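Asks: The structure follows.
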Amino acid sequence: MRVAVVGAGLVGVATAHYFATRYTGLVTRLEVFEKSQHIAGEQSGHNSGVIHAGIGYAPGSFKGRLCVLGARHIYEFCESPAGQRVPVRRAGKYIVARNEAEAGRLAEIFTNAVANGVQGLELLDGVPLPSVRAVRSLYSPNTGVIDYPALARALVADAAERLGDRFTLRLGTEVPLRALEPDAETHPRWAVDARAWYQHWDWVFVCVGGSTLPTTQLRILPVKGQYFELRPDAIQRLGLSRCNIYPVPDKRYPFAGVHFTPSVDGRRVWVGPTATLAGWPPIQYPGFWRLVQQHWRFGLSQWWQENAPLALWRALRGMVPDLGPHDLERSFYGVRAQALTRDGTLLNDFHFERHRNVVHVRNAPSPAATSSMAIAEYLVEGALQGSMSETAS
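Set out below in structure tokens:
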């Protein structure tokens, strides 16, 4: 069986790793193609490094099912000889309700998380952290922090060791994605070389965050998130180096809200991200203007928090009253490829399609990093066992 994986982010390398472990004897050739020079160089490597437990996702959704399973797979891999050098820690997480309205929403989140199979959750009065203000909180002991690029490298190394010379990682190699779309025959400029390329493989898995092209009903909205960092004296003063602190999310948007996340070693604490446009949006797509019409106030607030740190500070003081205006300094930008529908809805779940021998990952924002090993299992088994039906062109 000849397999090509396009994209060396976490979903891509996890897919390659699943083939290498589950179908070792059947794979005759496995190649991973990545246009950049780095593994996990985009969305997979530009986030706060949280291992999500599966909280806040609709019961029965891909996110709800695959996040819980994916977190379990990550912890198990990191306990194995192949992953034991990956920096990881079960840091825990508090979702804090600052008022009674948010407390009611927190109870709903708890119910949904239990339905998803999340283990060990506790609903608490207040929060046992002196610097954090809350009327109620939801504690998740199995939320963790990890070095995701290190995890991606470990998955690749393990796949290479299992398959030997049958495995190849091709960095700096771009694949013409339009040729892999179901209407590729309408684009003759790609036809000869590109179609011959993908027909050489028994299976092709397109695991690229921005791979939703104009041939589909979706468009990718490029989103960036500004992360800030707590100054060292603020970390010590506020005591926030131990666990994740999250607000109750706004269920209208597929974003977790600005939160506090410690590094694996506890020496740094990131604060963020905001959610603003990155690059040129799909302005010719009707869904973009419907999104702007419905949610321009949210977009403006995010832009203001990114560009005026005092605005972000004022918002965070609702959770951490003793946070000072000079306790934050700019850090890195997160990256998110977010699918948008024609009616202006930000697609809130993972979305996958299969066309003949090509499997497309159309939408895989957070918690895709946490879910990556479970997504890989779903994609591979769905394709090989026939449970993932072919999408009509």
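Going by the UniProt record's numbering, the residue at position 161 of the sequence shown is 161; the numbering climbs one at a time, nothing skipped.
Even for Gly, the Cβ is constructed at its ideal location relative to N, Cα and C.
The structure presented is a predicted model; accordingly, all values stated were derived computationally and were not measured.
How many angstroms separate the CA atom of Val-3 from the CA atom of Ile-220?
Replies: Computed Cα separation, rounded: 26 Å.
Asks: Going by DSSP, name the residue or residues bridged to Ile-95.
Replies: Partner(s): Leu-138, Tyr-246.
Asks: Is the segment 99-107 touching the segment 41-57, taking contact as three or more C-beta pairs under 8 Å?
Replies: As far as the Cβ criterion goes, the segment 99-107 does not touch the segment 41-57, which means the pair count is below three.
Asks: For Ala-58, which residues in the same chain have their Cβ closer than 8 Å to its Cβ, ignoring the five residues on either side in sequence?
Replies: Result list for Ala-58: Gly-64, Asn-112, Asn-348, Asp-349, in chain order.
Asks: Go through the segment 145-182 residue by residue and report every complete run of the beta strand (DSSP E) that reaches 3 residues or more, in order.
Replies: Counting whole runs of 3 or more residues, the segment 145-182 contains the beta strand (DSSP E) stretches 167-171.
Asks: Using a Cβ-Cβ cutoff of less than 6 Å, which residues in the same chain neighbour Leu-238 once the five nearest sequence positions on both sides are dropped?
Replies: Excluding residues within five positions, the ones whose Cβ falls inside 6 Å are Ser-131.
Asks: So, for Glu-381: in the same chain, excluding its five sequence neighbours on each side, which residues have a beta-carbon less than 6 Å away from its beta-carbon?
Replies: The answer is none, since no qualifying residue turns up.
Asks: So, helix, strand or coil for Thr-276, using DSSP?
Replies: Residue state, collapsed to three classes: strand.
Asks: Note down, in chain order, each residue of its chain lying with its Cβ closer than 8 Å to the Cβ of Gly-70, except the 5 sequence neighbours on either side.
Replies: Pro-367, Thr-370, Ser-371, Ser-372, Met-373, Ala-374, Ile-375.
Asks: Just checking, does the segment 288-302 make contact with the segment 88-107 on the three C-beta pairs under 8 Å criterion?
Replies: The answer is no - the segment 88-107 does not touch the segment 288-302, with fewer than three Cβ pairs under 8 Å.
Asks: How would you call Gln-199, buried or exposed, if buried means at least 16 neighbouring beta carbons within 10 angstroms?
Replies: With fewer than 16 Cβ atoms within 10 Å of its Cβ, Gln-199 is classed as exposed.
Asks: Got a sec? Which residues, its chain only, sit under 7 Å from Gly-287 by beta carbon, not counting five neighbours each side?
Replies: Contacts found: Arg-219, Leu-340, Thr-341, Arg-342, Asp-343, Gly-344.
Asks: Smallest Cα separation from Ala-234: which of Tyr-139, Phe-260, Pro-247?
Replies: Nearest C-alpha to Ala-234: Phe-260.
Asks: Closest by CA to Val-27, which one among Leu-123, Glu-79, Trp-201, Gly-9?
Replies: Out of Leu-123, Glu-79, Trp-201, Gly-9, Trp-201 has the C-alpha closest to the C-alpha of Val-27.
Asks: Kindly indicate which residue of Val-32, Gly-386, Asn-363, Leu-312 has the alpha-carbon position closest to the one of Leu-163.
Replies: The candidate whose alpha carbon is nearest that of Leu-163 is Val-32.
Asks: According to DSSP, is Ile-51 helix, strand or coil?
Replies: Correct three-state label for Ile-51: strand.
Asks: Please report the Cβ distance between Val-208 and Val-6, rounded to the nearest whole angstrom; I am assuming they are in contact, meaning their Cβ atoms lie under 8 Å.
Replies: Indeed, because the Cβ distance is near 6 Å, the residues count as touching under 8 Å.
Asks: Quick check: what's the CA-CA separation for residue 422 versus Lys-35?
Replies: A question about residue 422 goes unanswered here, because the residues of the chain that appear run from 1 up to 393.
Asks: Can at least three beta-carbon pairs, one atom from the segment 15-22 and one from the segment 327-336, be found at a separation below 8 Å?
Replies: Output reads no: the segment 327-336 does not touch the segment 15-22.
Asks: Would you call Asp-165 buried or exposed, if buried means 16 or more other Cβ atoms sit within 10 Å of its Cβ?
Replies: It is exposed - the Cβ of Asp-165 has fewer than 16 other Cβ atoms within 10 Å.
Asks: When you compare only the Cα positions, how much space is there between Val-118 and Leu-138?
Replies: Spanning the two alpha carbons is a distance of roughly 12 Å.
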